[in-house]
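A quick write-up on the structure given underneath.
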Amino acid sequence: MAVADLDLPVAHQSEGYDLFAHEAHLIIDQLVKQSLAHVNDTKETSDENNEEYNIQRDRFVVLENEAKTNGQISVHWPSIAEFTNEKIGIEKINEYIEKEWKTAPGGHDNSWLYAIDFLQRKSLEFNDLYIYRVCYSIPTRRQPIPRQTVSIYFTIDVSKIKPKNTPVQISFVFETMRVIYHPGNFRFRQNWLQNIILLKEKIANDIDF
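In the UniProt record's numbering, the protein residues as written are 1 to 209.
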């Protein structure tokens with residue numbers, strides 16, 4: 001049964017955003033609140049003036065930043081003039097996944113398969129929004145059609161008022177998550193896909209039909 005999620009941007013809503021995703025939002029919200037409470041408690045008990053603490057914190061930040069870009073190949077996103085139809089969006093999203101998500105530290109292995117679908121074009125006053133869905137799954141011999149999948153919704157924003165040589169704007173959001181990401185400021189983690197699958201399996205098992 002499909003439902004509209006008021007918390008998800010309208011541009012990202014589709015028939016694939018179903019009851020499981022809606023229920024997952026509620027669970028994730030609770031987990032986030034618990035995590036934030038834990039972080040606040042930890043901050044109160046940490047000695048910010050401790051030299052060893054500061055050294056370890058700075059080292060972690062450096063390693064995280066290095067890991068974010070190490071091994072990644074920059075993708076050339078098209079300009080407004082170059083973006084002439086929705087097929088270009090599919091090609092560039094596929095290139096982005098192949099070059100950056102698969103090669104990034106923690107990138108997904110070959111057991112994960114994905115398909116990219118163009119969902120809709122939404123024309124606004126000052127821009128056109130092209131909405132795509134990347135659907136991840138792990139088919140097996142015993143279960144060639146997986147019970148659960150993970151959807152990632154991409155939006156390509158093509159301005160009507162900016163110069164034609166301006167690059168289009170790219171953003172994406174994982175189902176069950178509210179954070180909107182942008183290429184170049186994102187580190188892919190395979191365990192996010194795994195966690196979403198496990199979450200949807202749990203919700204499915206808890207629902208009585």
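By construction, the Cβ of each residue, glycine as well, lies at the ideal position given by its N, Cα and C atoms. From a predicted model like this one, the values you see are computed outputs, not experimental measurements.
Straight-line gap, residue i to residue j (C-alpha atoms, nearest Å)
{"i": "Val-158", "j": "Glu-86", "result": "11 angstroms"}
{"i": "Arg-121", "j": "Ser-79", "result": "17 angstroms"}
{"i": "Trp-192", "j": "Gln-148", "result": "14 angstroms"}
{"i": "Asp-118", "j": "Ile-207", "result": "Rather than Asp, the amino acid found at residue 118 in this sequence is Phe. For Phe-118 and Ile-207, the distance between alpha carbons rounds to 31 angstroms."}
{"i": "Ser-137", "j": "Ile-97", "result": "15 angstroms"}
{"i": "residue 259", "j": "Gly-184", "result": "The structure shown does not extend to residue 259, since the chain is modelled only from 1 to 209, so the question has no answer here."}
{"i": "Pro-139", "j": "Val-150", "result": "13 angstroms"}
Status (buried if at least 16 other CB within 10 Å, exposed otherwise) for residue i
{"i": "Ile-145", "result": "exposed"}
{"i": "Leu-199", "result": "buried"}
{"i": "Phe-83", "result": "buried"}
{"i": "Ser-123", "result": "exposed"}
{"i": "residue 283", "result": "Outside the displayed span of the chain (1 to 209) sits residue 283, for which this structure offers no information."}
{"i": "Phe-126", "result": "exposed"}
Beta-carbon proximity check, residue i vs residue j, cutoff 8 angstroms
{"i": "Val-134", "j": "Phe-154", "result": "yes"}
{"i": "Thr-176", "j": "Ile-196", "result": "yes"}
{"i": "His-108", "j": "Gln-190", "result": "yes"}
Reference residue i; option with closest CA among the options
{"i": "Trp-101", "options": "Thr-149, Lys-202, Phe-186", "result": "Phe-186"}
{"i": "Ile-93", "options": "Gln-148, Gln-143, Ile-152", "result": "Ile-152"}
{"i": "Ala-81", "options": "Ile-207, Pro-163, Tyr-96, Lys-99", "result": "Pro-163"}
{"i": "Thr-103", "options": "Glu-91, Gln-169, Val-75", "result": "Val-75"}
{"i": "Ser-111", "options": "His-182, Tyr-181, Gln-194, Phe-172", "result": "Gln-194"}
{"i": "residue 223", "options": "Phe-174, Tyr-130, Arg-142, Asn-165", "result": "Because residue 223 is not part of the residues shown, which for the chain are 1 to 209, the question remains open."}
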